[in-house]
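Since the structure comes first, as structure tokens, the remarks are kept for the end.
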Amino acid sequence: MTLETTTAQPVPVADWVTIAGLHKDPFPIYRRMREEAPVHWVPAVGRYMVTTYESCHLIENDQETFSANETGSLMKRAMGHSMLRKDDPEHDVDRKSYGSVLRPKAIKETWNGIFEKNSATFLDRLRAAGPGADLISEYAAPYAAENLRLIMGFHNASQEDMQRWSQTMINGTGNYADDPDVWTASKKSYDEVDDAIEEVLPYLLKNPDGSLLSGLAAMPIPMEAIRANMKMTIGGGLNEPRDVIGVAAWALMENPSQLNQVKADPALFAVAFEEAVRWVAPIGMYPRETTKETVLEGIQLPQGARLGVVIGAANRDPKVFTDPESFDINREKKPHLAFGGGNHFCAGTWVARASVAGVALPRLFGGLPNLRLDPEQAAVDAGWVFRGMTSLPVTWDK
Amino acid sequence: MTKISFHHAGGAVDVLDVDPGTSIMRAAVTNGVAGIVGECGGQAMCATCHVYVRPEYLADLPAISDDEEEMLDCTADPRDAARSRLGCQVILGNGLEDLEVDVPGSQV
Numbered sequence: 001m002t003l004e005t006t007t008a009q010p011v012p013v014a015d016w017v018t019i020a021g022l023h024k025d026p027f028p029i030y031r032r033m034r035e036e037a038p039v040h041w042v043p044a045v046g047r048y049m050v051t052t053y054e055s056c057h058l059i060e061n062d063q064e065t066f067s068a069n070e071t072g073s074l075m076k077r078a079m080g081h082s083m084l085r086k087d088d089p090e091h092d093v094d095r096k097s098y099g100s101v102l103r104p105k106a107i108k109e110t111w112n113g114i115f116e117k118n119s120a121t122f123l124d125r126l127r128a129a130g131p132g133a134d135l136i137s138e139y140a141a142p143y144a145a146e147n148l149r150l151i152m153g154f155h156n157a158s159q160e161d162m163q164r165w166s167q168t169m170i171n172g173t174g175n176y177a178d179d180p181d182v183w184t185a186s187k188k189s190y191d192e193v194d195d196a197i198e199e200v201l202p203y204l205l206k207n208p209d210g211s212l213l214s215g216l217a218a219m220p221i222p223m224e225a226i227r228a229n230m231k232m233t234i235g236g237g238l239n240e241p242r243d244v245i246g247v248a249a250w251a252l253m254e255n256p257s258q259l260n261q262v263k264a265d266p267a268l269f270a271v272a273f274e275e276a277v278r279w280v281a282p283i284g285m286y287p288r289e290t291t292k293e294t295v296l297e298g299i300q301l302p303q304g305a306r307l308g309v310v311i312g313a314a315n316r317d318p319k320v321f322t323d324p325e326s327f328d329i330n331r332e333k334k335p336h337l338a339f340g341g342g343n344h345f346c347a348g349t350w351v352a353r354a355s356v357a358g359v360a361l362p363r364l365f366g367g368l369p370n371l372r373l374d375p376e377q378a379a380v381d382a383g384w385v386f387r388g389m390t391s392l393p394v395t396w397d398k
Numbered sequence: 001m002t003k004i005s006f007h008h009a010g011g012a013v014d015v016l017d018v019d020p021g022t023s024i025m026r027a028a029v030t031n032g033v034a035g036i037v038g039e040c041g042g043q044a045m046c047a048t049c050h051v052y053v054r055p056e057y058l059a060d061l062p063a064i065s066d067d068e069e070e071m072l073d074c075t076a077d078p079r080d081a082a083r084s085r086l087g088c089q090v091i092l093g094n095g096l097e098d099l100e101v102d103v104p105g106s107q108v
């Protein structure tokens, strides 16, 4: 065999890692794993977790060896077989069906105006809730949900429907414990989304707009693919911008000198956004499966190995980022992996940048004088496969 | 084979011989050329393979598509009206046998 395989190391086992520990704060766990080896078998997760920047980056750019089309995928069960779990050329057909809806020109011409309107609506709601209100439930979540509802073209649903669909199907995607109640709620949303698509497509054929579903209504794409891709987009297009708004706002309020810097130069909201997704990637881990025996950064992996590509850990790799555990908008700019890379690079990247860095954050800090953390109630961050603020109580000067 | 030269700030140059049909981005990424990222793998989605093509080669380049056009407005270093291109959208060979580009100071 090749030199690589003869010198390759067996995979170390991280039997000390628990799901509860990851959920509470994965970063010290990731640090220990990264310092030991680039890959571990983690019994509690049932995956080989990959935690270095170099390995995560290699995997993203080699779909021949590291397939997205995973066997026994929870996501396929929760949402159907979307483009996120396909390799090229099948993936490429689905990806192209989204056309230019999520691209910068459409954002400039169509979506930015909608983001401004929605930001004003939910900033009013936050104001009405008053100091001590939760920034996530009063602003970030409904704002992200209403934006996504209109971008997707669900004119027959509410932003509350979007939030329920997203959360229940994401819970299904992460249902490693195989909890039957989670599957029941996930399946209910699955059926509701299918019904909503079926109802709205004829309407959009007669009343076309710039939305994803309007574009798809006129395309020869199988319904099964449309249904699965819409569910993936609900799951991938709502919680993530919500969580970036929450984490970025939290980090800025925790670091007043950086907040002052951003307030003095609102162009820096774009920098704060990139640093927030580097620091806490909203999607912290995604799966891949080896198509053959392979060696990853010196570690021997069998064929059919189910990997967790932990971009939440890669983004804090000290080989790439200096003082990686700190939130620092003044750090040297380096490419992070929060949007993934290669053919599965996040299709919503520019929508996220425009809606969060361009609108949500500047309107929030510009609209509520001296916005700050509520000293009476603690902010709570949680999660690892998906991570964000579960509660962010804030106060401001009236 | 086709030849591509990447000129870096300070005067260093990476000269590569690559197979016809290879994009500027792919040539750079597979050969570890510094300063070219190529986050999206070549879909004209990320603007991190931005290059400035040297003037003497501009006439040999393919036209700029709508996708490339809007992404060229999203580059980290300023767009040059004549010379800026996405490396993933320029394929070597087929009349473009030799090319020289300047690598921007930043892609993110």
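Taken in sequence, the protein lines are chains A and B. Sequential numbering of the first sequence, starting at 1, is according to the working numbering. Sequential numbering of the second sequence, starting at 1, is according to the working numbering. Ideal Cβ positions, reconstructed from N, Cα and C, are used throughout, including at glycine.
(request) Could you tell me which chain A residues have their CB closer than 7 Å to the CB of B/E70, listed as they occur along the chain? (result) R103, P104, K105
(message) Could you check whether the Cβ of B/A76 sits closer than 9 Å to any Cβ belonging to chain A?
(response) yes
(request) Rank A/N260, A/A264, A/M232 by C-alpha distance to the C-alpha of A/H81 and give the top, closest one. (result) A/M232
(message) Comparing C-alpha positions only, which one of A/S158, A/F115, A/N156, A/H23 sits nearest to A/A360?
(response) A/F115
(request) Pull up the CB-CB distance for A/L373 and A/F365, whole angstroms please, since I reckon it's below 8 Å. (result) Wrong, their Cβ atoms sit about 13 Å apart, outside the cutoff.
(message) Output needed in chain order: residues of the region 74 to 87 of chain A with a Cβ under 9 Å from some Cβ in chain B.
(response) none
(request) Report the residues of the region 311 to 335 of chain A with a CB closer than 9 Å to any CB of chain B, ordered along the chain. (result) K333, K334, P335
(message) To the nearest angstrom, how far is the alpha carbon of A/S211 from that of A/I329?
(response) 34 Å
(request) Starting from the beta carbon of A/F66, find every residue of chain B whose beta carbon is closer than 9 Å, and list them in chain order. (result) Within 9 Å Cβ-Cβ: nothing; A/F66 doesn't reach chain B, min ~13 Å.
(request) Put A/I283 into one of helix, strand or coil per three-state DSSP. (result) strand
(message) Please confirm whether B/C49 has its beta-carbon closer than 9 Å to some beta-carbon of chain A.
(response) no
(message) At the level of alpha carbons, what is the spacing between B/V51 and B/M25?
(response) 9 Å
(request) Could you please give the first and the last residue of the uninterrupted alpha helix (DSSP H) stretch that includes A/W420? (result) Past the boundaries of the shown model lies residue 420 of chain A; chain A is included only from 1 to 398, so the question cannot be answered.
(message) Rounded to the nearest angstrom, what separates A/A20 and A/D181 at their Cα positions?
(response) 19 Å
(message) Run through chain B and tell me which residues come within less than 9 Å of A/N343, C-beta to C-beta.
(response) C40, G41, G42, Q43
(request) Work out the CA separation of B/A28 and A/S186 for me, nearest whole Å. (result) 44 Å
(message) Could you tell me which whole alpha helix (DSSP H) segments of length 4 or greater appear in the region 39 to 80 of chain B?
(response) 66 to 72
(message) Going by beta-carbon coordinates alone, are A/W165 and A/V193 separated by less than 9 Å?
(response) yes
(request) Give me the Cβ distance between A/A78 and A/I299, rounded to the nearest whole Å; I'm assuming they're in contact under 8 Å. (result) Not quite, the Cβ-Cβ distance comes to about 30 Å (not below 8 Å), so this is no contact.
(request) On a CA-only basis, which of A/G172, A/A196, A/V380 is nearest A/R227? Give me that one, please. (result) A/A196
(request) Tell me whether the beta-carbon of A/A281 lies closer than 9 Å to the beta-carbon of A/N315. (result) yes
(message) Considering only their Cβ atoms, is the gap separating B/G93 from B/D17 smaller than 9 Å?
(response) no
(request) Quick one: residues in its chain with C-beta nearer than 6 Å to the C-beta of A/V13, no 5 flanking neighbours on either side, listed in chain order? (result) W41
(request) Any chance you could list the alpha helix (DSSP H) runs of at least 4 consecutive residues sitting entirely within the region 291 to 374 of chain A, in chain order? (result) 311 to 314, 349 to 352, 361 to 367
(request) May I ask you to report which of helix, strand or coil DSSP gives B/S5? (result) strand
(message) Let me confirm a value: A/P409 is counted as buried when at least 16 other C-beta atoms fall within 10 Å, else exposed. Which label applies?
(response) One cannot answer for residue 409 of chain A here, as it falls past the ends of chain A, which runs 1 to 398.
(request) Give the residues of chain A in contact with B/A108, contact being defined as C-beta atoms less than 9 Å apart. (result) Inspection of the sequence shows that residue 108 of chain B is occupied by Val rather than by Ala. Those are E274, K333, K334, P335, H336, listed as they occur along chain A.
(message) Could you check whether the Cβ of A/A352 sits closer than 9 Å to any Cβ belonging to chain B?
(response) no
(request) Would you decide whether B/P78 is buried or exposed? Buried here means 16 or more other CB atoms lie within 10 Å of its CB. (result) exposed
(message) Would you say A/D386 lies against chain B (beta-carbon separation less than 9 Å)?
(response) Checking the sequence shown, residue 386 of chain A turns out to be Phe, not Asp. No - not a single Cβ of chain B is within 9 Å of the one on A/F386.
(request) Return yes when the Cβ of A/I234 is within less than 9 Å of the Cβ of A/M285, no when it is not. (result) no
(request) Along the alpha helix (DSSP H) that carries A/V17, what are the first and last residues, could you check? (result) Note, A/V17: premise wrong, no alpha helix (DSSP H); not H, not E.
(request) Output, in chain order, the set of chain A residues within a Cβ distance shorter than 8 Å of B/D73. (result) P104
(request) Counting only the same chain and skipping the five closest in sequence on each side, list residues whose C-beta sits under 7 Å from that of A/S391. (result) D134, I136, A379, V380
(message) Since B/G38 and B/T48 should fall inside the 8 Å C-beta cutoff, what is the C-beta to C-beta distance between them, to a whole number of angstroms?
(response) 6 Å
(request) For chain B, find out if any of its Cβ atoms is closer than 9 Å to the Cβ of A/R95; answer yes or no. (result) yes
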